[in-house]
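In the numbering used here, the protein residues as written are 644 to 1014. Just below is one structure, and these are the notes that go with it.
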Amino acid sequence: MSFDIPHLTEITLDDLETLGTGAGILGTGGGGNPRLGRLRLQTLLEDDAYPDSVELVDPRDLPADATVASVGGMGAPTISVEKFAGGDEEIQSLRAIEDLSGETVDALIPGEIGGANSMAPLCVAAMTDLPVVDADGMGRAFPELQMDTFFIYGTPVNYAATTDERGNQVVYRDIDSAKRLEDLARAITVQMGGRSGYAFPLMTGEFVSEFAVPHTVSLATELGRAVERARDAGTDPVDAGRELLGGEELFAGKIVDVHRRNRDGFALGSVTLTGLTADATLEIEFQNEFLVARDDDGELLTTVPDLICLVDTDTGAPVMTDALRYGQRVRVLGVPAPELLTTPEALDVIGPEAFGYDVSYDPLPRDETGW
644 MSFDIPHLTE ITLDDLETLG TGAGILGTGG GGNPRLGRLR LQTLLEDDAY
694 PDSVELVDPR DLPADATVAS VGGMGAPTIS VEKFAGGDEE IQSLRAIEDL
744 SGETVDALIP GEIGGANSMA PLCVAAMTDL PVVDADGMGR AFPELQMDTF
794 FIYGTPVNYA ATTDERGNQV VYRDIDSAKR LEDLARAITV QMGGRSGYAF
844 PLMTGEFVSE FAVPHTVSLA TELGRAVERA RDAGTDPVDA GRELLGGEEL
894 FAGKIVDVHR RNRDGFALGS VTLTGLTADA TLEIEFQNEF LVARDDDGEL
944 LTTVPDLICL VDTDTGAPVM TDALRYGQRV RVLGVPAPEL LTTPEALDVI
994 GPEAFGYDVS YDPLPRDETG W
């Protein structure tokens, strides 16, 4: 299945606002702050030293023997907002894995479509004149790197690098599992102050065309456009986004409590909502991203890998886990996960049990269109 959306061939300055909105919604609260990612990319595209657009390539059009790398940021969202990046962490990591492997990367791809990490490859592409694949490894955001389709479906954990804003760098080669790489890179990222820029793994175009979640850069941009069009027309922007994604509204209310803490390189916690017109509550737990939603009776409404998206009641703008505040009026959307995230091998890594919940995945109903 695929969404009925236009597939973009480039990202320009005119796309940045809508891409940021859509990526923030798809990011389920995490993936880095989309506003910071947008401002970073805007600065590059407005600079005469760089091109004024970034080429997007359809994953189906990748040469089978192309070399593709994923780049982005790693760390807790709250720290990423407060800690200034140097701006070249990802590109330094990319050059490191090229040097280590002896290969030249032909295209970049987001590891996740959420938040700022949807834009990190576009920033590196602007600085390197490389294309970006219109796809990603999650169709949303997840807190740990082994949770992307690249590793789930068997790409080797071959070369990786993490770099901080001071140029301190650690490279990894032939790690025995993606989870081991996550643990090592996460510990290093904590030592780097809670945020690093990464590059990993190296993949073939043939693998990416089969196992990446397709057309998610286009989807995020069209989602943002749908929200923007509804605002301009005076119609409901939340419904516009929900309808495009084939999701459902799980709850509407205001935030009455937030528990949030940084631990081991993650933002962990929960947010409690109360209904505006009915005596009802909803609690959502998160680890960088929203994971599970429970009603008054403690019954699960939905869980990972399905998407739990918080958006502003009036504007449809995404509400990220680092920006949860008492009194915010929000609506909670549930969106069915991409099919690549619902197979048995995927659920072993990204289902609710992988996050420590003693429940089975009960998928949200799917629309006739989707991913």
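All residues carry an ideal CB built from backbone N, CA and C; glycine is no exception. Note that the structure is a prediction, hence the values are computed from the model and not measured.
- Message: Can you look up PHE854 in the DSSP assignment and give me helix, strand or coil?
- Response: It is helical.
- Can you tell me the Cα-Cα spacing of LEU699 and SER852, whole angstroms? When rounded, the distance between both Cα atoms is 14 Å.
- With DSSP collapsed to three states, give me the class of GLN971. In the structure shown, GLN971 adopts coil according to DSSP, grouped into three states.
- Whole-number beta carbon distance between GLY977 and LEU919, since they are thought to touch under 8 Å: Not quite, the Cβ-Cβ distance comes to about 19 Å (not below 8 Å), so this is no contact.
- Of all the options GLU746, ASP940 and LEU773, which has the alpha carbon lying nearest to the alpha carbon of SER802? The amino acid at residue 802 is misidentified as Ser; the sequence shows Tyr. Cα-wise, what sits closest to TYR802 is GLU746.
- Continuous alpha helix (DSSP H) stretch holding GLU982: start and end: Counting along the chain, GLU982 falls outside any alpha helix (DSSP H), and DSSP gives it neither H nor E.
- Message: What does the alpha-carbon distance come out to for the pair LYS822 and GLY670?
- Response: Approximately 21 Å between the Cα atoms of the pair.
- Could you say which of PRO948, MET963 and VAL973 lies nearest to THR675 if we only look at CA atoms? The amino acid occupying residue 675 in the given sequence is Gly; Thr does not appear at that position. Checked all of PRO948, MET963 and VAL973; the closest Cα to GLY675 is MET963.
- Query: In the structure shown, what three-state DSSP assignment does THR664 receive?
  - Reply: Here THR664 sits in helix by DSSP.
- Message: Taking contact to mean 3 or more Cβ pairs, one atom from each stretch, closer than 8 Å, check whether the stretch 848-867 and the stretch 650-663 are in contact.
- Response: Result yes; three or more Cβ-Cβ pairs closer than 8 Å.
- At a cut of 8 Å, does the stretch 682-692 reach the stretch 823-839 through at least three beta carbon pairs? With a cut-off of 8 Å, the stretch 823-839 and the stretch 682-692 do not count as touching, because too few Cβ pairs lie within range.
- Query: ALA936 bridges to which residues according to DSSP?
  - Reply: Answer is ILE927 and THR945, bridged to ALA936.
- Message: Taking a contact to mean a Cβ-Cβ separation below 7 Å, would you say VAL992 touches ILE795 in this structure?
- Response: Yes, the pair counts as a contact, with Cβ atoms nearer than the cut-off.
- Give the straight-line distance between the Cα atoms of MET644 and LEU845, rounded to the nearest whole angstrom. With a pLDDT of 47 at MET644, under the threshold of 50, the predicted position of this residue should be treated as unreliable, and no value is reported.
- Query: Under the rule that 16 or more other beta-carbon atoms within 10 Å means buried, what is PHE1021, buried or exposed?
  - Reply: The structure shown does not extend to residue 1021, since the chain is modelled only from 644 through 1014, so no value can be given for it.
- Item | Residue(s) in a DSSP beta bridge with MET846 | As computed with DSSP, MET846 is found in a beta bridge with VAL711.
- Query: Along the chain, where does the alpha helix (DSSP H) that runs through GLY680 open and close?
  - Reply: Here the alpha helix (DSSP H) through GLY680 covers 677-688.
- Item | VAL1002 - DSSP class collapsed to helix/strand/coil | Under the three-state reduction of DSSP output, VAL1002 falls in the coil class, being neither helix nor strand.
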